[in-house]
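The block underneath contains the structure these notes are about, expressed in structure tokens.
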Amino acid sequence: MLKNLVIVAIGGGIGSALRYLLQETLHRQIDNFEPYGTFVVNILGCLLLGLLAGYAEQERLINTSVNLLLISGFCGGFTTFSTFAHQGHTLFISNKPFQAILYIGLSVIIGLLAAYFGYRLTKA
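Just so we're on the same page, my numbering is the position in the sequence shown counted from 1, plus 45.
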């Protein structure tokens with residue numbers, strides 16, 4: 046149990062650090078890119094999770110430790126539902142309801158499609 050916890054923590058730490066770096070890079074490159082940095086990170090995380098889930102099903106290509114490191118740890122740390130919810134709420138209370146609905150709707154739809162696409166790539 047402790048070994049698995051450490052594996053998840055390592056993956057989560059790396060995923061969180063990479064998310065921060067990517068969001069900051071996007072924010073610096075494109076003015077006022079904050080909610081959309083989260084969008085990009087979450088879509089990439091969904092795609093990666095789909096790929097990893099697909100590979101995990103294929104004759105145990107990913108063992109339990111790698112699964113914990115990459116899926117639970119890295120993808121869990123890289124993606125962020127709480128920031129997504131907060132930024133959607135902030136758009137609403139900033140009198141930007143159209144942007145909020147677009148951001149929330151596209152995040153969910155494209156996230157699901159990215160996960161599906163990643164999964165399907167492993168089956169081709």
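Cβ atoms here follow ideal geometry from the backbone N, Cα and C, with glycine treated the same way.
Every value quoted in this text rests on a predicted model; they were computed, and no experiment measured them.
Under 7 Å from any heavy atom of the ligand ATP, does the C-beta of residue i make it?
| i | result |
| --- | --- |
| ALA98 | Ligands in the displayed structure: none, and consequently the ligand ATP is not present. |
From the options, pick the residue whose C-alpha is nearest to that of residue i; which is it?
| i | options | result |
| --- | --- | --- |
| GLY163 | ALA130, THR128, GLY90, THR124 | GLY90 |
| ALA98 | ILE59, LEU113, GLY122 | LEU113 |
| ARG165 | LEU96, PHE123, MET46, ARG73 | LEU96 |
Starting from residue i, trace the alpha helix (DSSP H) in both directions and tell me its first and last residue.
| i | result |
| --- | --- |
| LYS48 | 47-74 |
| PHE126 | 126-138 |
| GLY156 | 142-166 |
| SER117 | Run containing SER117: none; DSSP gives neither H nor E here. |
Give the straight-line distance between the Cα atoms of residue i and residue j, rounded to the nearest whole angstrom.
| i | j | result |
| --- | --- | --- |
| HIS134 | TYR81 | 14 Å |
| VAL111 | LEU71 | 29 Å |
| ASN140 | GLY56 | 37 Å |
| GLY121 | PHE129 | 14 Å |
| ALA160 | GLU102 | 14 Å |
| ASP76 | VAL153 | 24 Å |
| ALA169 | LEU94 | 17 Å |
Please check if any C-beta of chain C sits within less than 8 Å of the C-beta of residue i.
| i | result |
| --- | --- |
| GLY82 | Of the chains in the structure shown, none is chain C; there is only one protein chain. |
Applying the 10 Å Cβ sphere with the 16-neighbour rule, what's the burial state of residue i?
| i | result |
| --- | --- |
| VAL86 | buried |
| VAL51 | exposed |
| ALA145 | buried |
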